[in-house]
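*Asks:* Counting in this note's numbering, the sequence shown runs from 280 upward without gaps.
Can you keep this structure in mind? I'll have questions shortly.
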Amino acid sequence: VGGRPESPLVGPETENGVAAMAACYQGFDPAAYLQYNYTPPRADFERKDSIVPWKLACLHRAFTEGDVNGDLLVDIGSGPTLYQVLSGCEVFKKVLLTDFLEVNRQELRGWLQDKGVSSLDWTPYLQHVCKLEGRRPSAWTEKAAKLRQVITDIVPVDVHRPQPLALDDLPSAGADCLVSCFCLESVSPDLAAFTRALGHIGRLLRPGGHLLLIGALGESYYFGGPGVKIPVVPLNEAQVCASLKESGYTLIRLEVYTLPQDMRVGVDDVSGVFFAKAIKE
Ligand SMILES: C[S@@+](CC[C@H](N)C(=O)[O-])C[C@H]1O[C@@H](n2cnc3c(N)ncnc32)[C@H](O)[C@@H]1O
Ligand SMILES: O=[N+]([O-])c1ccc2c(c1)CN[C@@H](CO)C2
Numbered sequence: 280v281g282g283r284p285e286s287p288l289v290g291p292e293t294e295n296g297v298a299a300m301a302a303c304y305q306g307f308d309p310a311a312y313l314q315y316n317y318t319p320p321r322a323d324f325e326r327k328d329s330i331v332p333w334k335l336a337c338l339h340r341a342f343t344e345g346d347v348n349g350d351l352l353v354d355i356g357s358g359p360t361l362y363q364v365l366s367g368c369e370v371f372k373k374v375l376l377t378d379f380l381e382v383n384r385q386e387l388r389g390w391l392q393d394k395g396v397s398s399l400d401w402t403p404y405l406q407h408v409c410k411l412e413g414r415r416p417s418a419w420t421e422k423a424a425k426l427r428q429v430i431t432d433i434v435p436v437d438v439h440r441p442q443p444l445a446l447d448d449l450p451s452a453g454a455d456c457l458v459s460c461f462c463l464e465s466v467s468p469d470l471a472a473f474t475r476a477l478g479h480i481g482r483l484l485r486p487g488g489h490l491l492l493i494g495a496l497g498e499s500y501y502f503g504g505p506g507v508k509i510p511v512v513p514l515n516e517a518q519v520c521a522s523l524k525e526s527g528y529t530l531i532r533l534e535v536y537t538l539p540q541d542m543r544v545g546v547d548d549v550s551g552v553f554f555a556k557a558i559k560e
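In structure tokens form, the structure reads like this:
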């Protein structure tokens, strides 16, 4: 994403903080990140208390309980992962994936272009979500095809810009739904920047559209690769609710997962995960 336009709204200390976060991400390693967070124990589909099945259940319920619909779903800060749109791809005609780093956009293109070159085998994820949908697990190939059919593009994003996406990447009416997972708190220098970023992505969403937000609670850092320690804004539930309200959303539901001891594997100091379903006013 090109040079940042001077924004009259934020001072030099915020500009410096945002630039420092961008510098941290230069060392981000998609394969390592996937290994740290998307393999057992954090992604163990046999364990009721594993984090990833909990996230997939939250997303499945949110996308299928009847109030979420429309044409376009946008995932903000996709990273190298696809799990966040495995339920949404059945509900929306078009899905737009976005990330700040070319290495992540490249990782996603690798999977989508059917070259099977992705760093992680998403089959167990596809099978798990098929089961949540009451389909036989072998329907995962149909879900993979559906995903490849509805994902229209993978584009650059910067949540610190008042316009996080290039204007021609988004229809003028805006997106009907946004999903964003572990992005805002992991890319912001402080709580004020986190809340501002929430407002920026809200501008991509039509009024009445839904935001499905997953994030870390009580996390102050995580490793984005070997030796790549990235600072995180430590959030609690009250701050998440206050930031959503301050940024023009009405909260529908907040769910919280608390990490069991053996989900703490040394790649971060996260203590919980939140799932928020909200509506843009
Ligand atoms: C912790 S990862 C989350 C990845 C994925 N959504 C998930 O659920 O695991 C944070 C992502 O935010 C991206 N990112 C970094 N700076 C950003 C910015 N200024 N705006 C948007 N995304 C950014 C990184 O490239 C990375 O993919
Ligand atoms: O357990 N998980 O499913 C999981 C997935 C991704 C991430 C975390 C935990 C915690 N750290 C964040 C970065 O701030 C990234």
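Don't be surprised by glycine CBs; every beta carbon is placed ideally from N, CA and C.
Give me the residue from 295, 401 and 454 with the minimum Cα distance to residue 354.
*Replies:* The candidate whose alpha carbon is nearest that of residue 354 is 454.
*Asks:* Alpha carbon to alpha carbon, how far is residue 426 from residue 314?
*Replies:* Taking the straight line from one Cα to the other gives about 22 Å.
*Asks:* Give a single yes or no on whether residue 360 has its beta carbon closer than 7 Å to a heavy atom of ligand 1.
*Replies:* Flag set: Cβ of residue 360 near ligand 1.
*Asks:* With DSSP run on the structure shown, which of helix, strand or coil describes residue 402?
*Replies:* DSSP places residue 402 in helix when its eight states are reduced to three.
*Asks:* Considering only heavy atoms of ligand 2, does any lie closer than 7 Å to the CB of residue 404?
*Replies:* Not so, every heavy atom of ligand 2 lies at least 7 Å from the Cβ.
*Asks:* Return the Cβ separation of residue 502 and residue 552 in integer angstroms, given the expectation that the two are a contact with Cβ distance under 8 Å.
*Replies:* Not quite, the Cβ-Cβ distance comes to about 17 Å (not below 8 Å), so this is no contact.
*Asks:* Please state the DSSP three-state secondary structure of residue 381.
*Replies:* Note: residue 381 maps to helix in three-state DSSP.
*Asks:* In whole angstroms, give me the CA-to-CA distance for residue 309 and residue 443.
*Replies:* Their Cα atoms are separated by approximately 22 Å.
*Asks:* Suppose you measure from the CA of residue 386 to the CA of residue 316; what does that come to, to the nearest Å?
*Replies:* Going by the C-alpha atoms only, they are around 16 Å apart.
*Asks:* Cα-Cα, which of 392, 538 and 485 is closest to residue 347?
*Replies:* Comparing Cα-Cα distances from residue 347 to each of 392, 538 and 485, the minimum goes to 485.
*Asks:* Does the distance from the CB of residue 373 to the CB of residue 434 come in under 8 Å?
*Replies:* No.
*Asks:* Under 7 Å: does the beta carbon of residue 355 sit that close to some heavy atom of ligand 2?
*Replies:* No.
*Asks:* Taking 8 Å as the cut-off, decide whether the C-beta atoms of residue 490 and residue 528 are in contact.
*Replies:* Result yes, Cβ atoms of residue 490 and residue 528 sit closer than 8 Å.
*Asks:* Run the proximity test for residue 363: is its beta-carbon closer than 7 Å to any non-hydrogen atom belonging to ligand 1?
*Replies:* Because some heavy atom of ligand 1 lies under 7 Å away, the Cβ of residue 363 counts as near it: yes.
*Asks:* My assumption, with CB atoms under 8 Å, is that residue 509 sits in contact with residue 465. Please give the rounded CB distance.
*Replies:* Right, their Cβ atoms sit about 7 Å apart.
*Asks:* Closer than 7 Å by C-beta to residue 399: which residues in its own chain qualify, once you throw out the five before and the five after it? Chain order, please.
*Replies:* Excluding sequence neighbours, residue 399 sits near 313 and 317.
*Asks:* When we look at the beta-carbon of residue 541 and count the other beta-carbons within 10 Å, is it buried (16 or more) or exposed?
*Replies:* Exposed is the call here.
*Asks:* Name the residue from 369, 350 and 351 whose alpha carbon lies nearest to the alpha carbon of residue 338.
*Replies:* The shortest C-alpha separation from residue 338 is found at 369.
*Asks:* Pop quiz: residue 405 and residue 365 are said to be a contact at Cβ under 8 Å. What is the actual Cβ separation, rounded to whole angstroms?
*Replies:* Yes, residue 405 and residue 365 are in contact; Cβ-Cβ is about 7 Å, under 8 Å.
*Asks:* If you compare alpha carbons, which of 322, 371 and 432 is closest to residue 384?
*Replies:* For residue 384, the nearest C-alpha among the options comes from 432.
*Asks:* Measuring alpha carbon to alpha carbon, tell me which of 436, 440 and 379 ends up nearest residue 288.
*Replies:* Considering only alpha carbons, the answer is 440.
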